[in-house]
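Notes follow the structure.
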Amino acid sequence: MPILNRGLWHWLEESVRALAKADTGEPPTQVLRIGVITSPLGAEDTPALRFLILHLNTLQQSFQFELFPGMPSNPLLRKLASRILVDRDDARARMAAFVEQIKADIKRRNEDFQKHSPQLPLEAPPEKFVILSMTRFHDNFYSARVPDEAPVCAIIALGNWKRSMAPPTIVEFFLVLLLRQAVALASPSLSGSVHLGTKGCLFDLGEDLSDTRYKVLGGFVCDYCAKALSRDGHPALRQELTTILAKAWFGSPDKPSVVASIASNLGHNLFITKGLKPNFWESIRSTFRQETVKQLLTVLGTVLASALIFYLGFRSAH
Ligand SMILES: [Zn+2]
684 MPILNRGLWH
694 WLEESVRALA
704 KADTGEPPTQ
714 VLRIGVITSP
724 LGAEDTPALR
734 FLILHLNTLQ
744 QSFQFELFPG
754 MPSNPLLRKL
764 ASRILVDRDD
774 ARARMAAFVE
784 QIKADIKRRN
794 EDFQKHSPQL
804 PLEAPPEKFV
814 ILSMTRFHDN
824 FYSARVPDEA
834 PVCAIIALGN
844 WKRSMAPPTI
854 VEFFLVLLLR
864 QAVALASPSL
874 SGSVHLGTKG
884 CLFDLGEDLS
894 DTRYKVLGGF
904 VCDYCAKALS
914 RDGHPALRQE
924 LTTILAKAWF
934 GSPDKPSVVA
944 SIASNLGHNL
954 FITKGLKPNF
964 WESIRSTFRQ
974 ETVKQLLTVL
984 GTVLASALIF
994 YLGFRSAH
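Numbering (the working numbering), first residue to last: 684 to 1001.
Written out as structure tokens, the structure reads:
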């Protein structure tokens, strides 16, 4: 009986795998659903932040972020909401249980809802979750993920953020770090730190927030990390992330985008407000800027209308 050489055997294995994959009819990469819990932010769990998180769904096709209410009695969420110094190891020890509890809670809510609307299909809860908080970990790390291999849950803890770190604002920190955690939940090669060098890459180690600000200000995906994304089956993600990180979708202070205008109407001026909520002076500046623009447009409109009337009157008189 002829013996297949190793190369031919490998080729046969790969062919069988490819055929099996094609039979399922599934696309090579699937959208990863990620439940986002913002309840530990308490009074700072603002509509603008929630709107911007959901807007990320329109800017890329790899992740689908879904907001879920927290569970008021859950011990992990209560700790993260308390804003006392939290032992990161203790938080990590509670995260796996939290995922099971919130999935059970979502299933229960779905079933309650279905009792009133039985015709609606019941969508299963996501498998992965990210919790946003303003807590501080005892070791000054600003994130935690479990388990180390193939994580299913992450916490972002920005209690060490200070207004003096802006720019970028804390909303930018949350959005960019949410993307970072989303990739960690999706891509095994990038589930942990990958390079010590600070490049402005989304996957810089960034031991403290002051280093992390560079990737939040205008990050990119370096070649090393882009190759890891491709290896893990996410070749399009580099471009999607780069586009989001460039933040052209914010517009500019003089020409805010529709997104920035909506955020402003929800009480958060992306170009002025540093924290999750505007302080007194930021509110004044934001209002002044909006009113100034309105007044300028009114004056400009009046001047143009007057000039037109004068011109038409001048023509009819001659
Ligand atoms: Zn990198």
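Glycine residues also receive a C-beta, built at the ideal position from the N, C-alpha and C atoms.
Since we're looking at a predicted model, the values are computed, not measured.
- Sorting Gly950, Ala865, Ser765 by C-alpha distance to the C-alpha of Pro834 places Ala865 at the top.
- For Ser870 and Asp915, the gap between their C-alpha atoms comes out near 6 angstroms.
- Counting the other Cβ atoms within 10 Å of the Cβ of Ile927 gives 16 or more, which makes it buried.
- Secondary structure of Arg766 (DSSP, three-state): coil.
- Bounds of any beta strand (DSSP E) do not take in Val714, whose DSSP letter is neither H nor E.
- In chain order, Ser876, Leu879 place their CB closer than 6 angstroms to the CB of Leu888, counting only its own chain and leaving out the 5 sequence neighbours on each side.
- Counted as a single uninterrupted DSSP element, the stretch harbouring Ile736 is not any beta strand (DSSP E) but the alpha helix (DSSP H) occupying residues 730-742.
- In this structure, ligand 1 has a non-hydrogen atom nearer than 7 angstroms to the beta-carbon of Lys882.
- Placement of the Cβ of Val859 at a distance of 7 angstroms or more from every heavy atom of ligand 1 is found.
- Not one heavy atom of ligand 1 lies closer than 7 angstroms to the C-beta of Val866.
- Between Met754 and Asp795, the CB-CB gap reaches or exceeds 8 angstroms.
- Under the three-state reduction of DSSP output, Ser893 falls in the helix class.
- Between the stretch 841-855 and the stretch 894-913, the count of C-beta pairs closer than 8 angstroms reaches three or more; the two stretches touch.
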